[in-house]
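This report refers to the structure that appears directly beneath it.
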Amino acid sequence: MRLDRYVASVTDYSRSDAKKLIKSGDVAVDGKVLTDPSQAVAADAQLEIDGQFVRQAEHRYFMLHKPQDYVCANRDRRFATVMDLLDEDNLDRLIIAGRLDLDTTGLVLLTDNGQWAHQVMSPRTRCYKRYRVQLEDPVPESAIDRFAKGVFLEQEKRRTLPARMKLLGEREALLEICEGRFHQVKRMFASIGNTVVGLHREAIGKLELDSALGEGEYRSLTEYEVAVVLSGTLE
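So for the sequence shown, our numbering puts the first residue at 962; every next one is plus one.
In structure tokens form, the structure reads like this:
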């Protein structure tokens, strides 16, 4: 992960302020002063600013195993929301970092750190999300290359960004995308004449859904997980 992003992710500094601190020689990683904001650092590196060890900012970060029939919203008049599954205070302050459709299951991240949530969701950071997809019809091998080059979705003039796909069987695939367009996975397969019949998000960035979490269960992220979810992305 870039040093400036790491500083911003574990403190309340903005990216621009983090760059200024680094260039001024006020930031050390694992005991060594670094002055290049683009320097790569480990997600669990020990950070010092002005000679003081920095602990994780007191933000809240959760991973949730979303069931079907829950909407990714803070409140909704018709459906139960993912917030109904959380036994936490100040739910209105939480941001859903990457929403899922009502009938889609899997990993959802929630936080009150707006900057971190933006980095997770922004296509610019190339934070890939991995989905296990069940299809109505067999998926041809040629779809792998088509998705890698980008496809045009109905009523859109811009191709999707490169996606990575691995076929697990005739009607099952793993798909990784770094965008969050409306119903994107379903529309991508519709563009090649297929229909999604089951969709489950397994991972966001390098963070996998905890296999110990049953549907509707959640837990806090560790400091390492907060940092590693964006490890290897751009910016």
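Ideal Cβ positions, reconstructed from N, Cα and C, are used throughout, including at glycine.
Looking at the backbone, the Cα of residue 1109 and that of residue 1122 are separated by about 8 Å. Distance from the CA of residue 1087 to the CA of residue 1140, rounded to the nearest whole angstrom, comes to 8 Å. Shortest Cα-Cα distance from residue 989 to any of 1147, 967, 1169 involves 967.
Taking a contact as a CB-CB distance under 8 Å, the pair residue 1112 and residue 1152 counts as one, their CB atoms being some 5 Å apart. Taking the C-beta atoms as reference points, residue 1133 is found no nearer than 7 Å to residue 1089. Residue 1036 counts as exposed, since fewer than 16 other C-beta atoms from the protein chains shown sit within 10 angstroms of its C-beta. Residue environment analysis places residue 1183 among the exposed positions, since fewer than 16 neighbouring C-beta atoms fall within 10 angstroms of its C-beta. Less than 7 Å divides the Cβ of residue 1069 from the Cβ of residue 1043. Each of 1059, 1105, 1005 was checked against the Cα of residue 1135, and the nearest Cα belongs to 1105. In the DSSP secondary-structure assignment, residue 1134 is bridged to 1094, 1128. Annotation: residue 1061 to residue 1174 spans about 17 Å, alpha carbon to alpha carbon. Under a 10 Å Cβ-count criterion, residue 965 is classified as buried, with 16 or more other Cβ atoms of the shown protein chains found around its own Cβ. A check of alpha carbon separations from residue 1125 across 1115, 1143, 1102 identifies 1102 as the nearest. Here residue 1027 is buried. Its C-beta has 16 or more other C-beta atoms within 10 Å.
Under the DSSP definition of a beta bridge, residue 1067 partners with 1027, 1162. The DSSP-derived three-state label of residue 1014 is strand. In chain order, 1058, 1059, 1070, 1088, 1165, 1166, 1190, 1191 place their CB closer than 8 Å to the CB of residue 1081, counting only its own chain and leaving out the 5 sequence neighbours on each side. Taking a C-beta distance under 7 Å as the contact criterion, residue 1006 and residue 991 qualify as a contact pair. Boundaries of the beta strand (DSSP E) around residue 988: 988-990. Residue 1185: member of the alpha helix (DSSP H) spanning 1184-1189, first to last residue. Pairing residue 1048 with residue 1116, the inter-Cα distance amounts to about 40 Å.
Pairing residue 1128 with residue 1100, the inter-Cα distance amounts to about 8 Å. Shown here, residue 1105 sits in a helix according to DSSP, grouped into three states. In the three-state DSSP reduction, residue 974 falls in the coil class, being neither helix nor strand.
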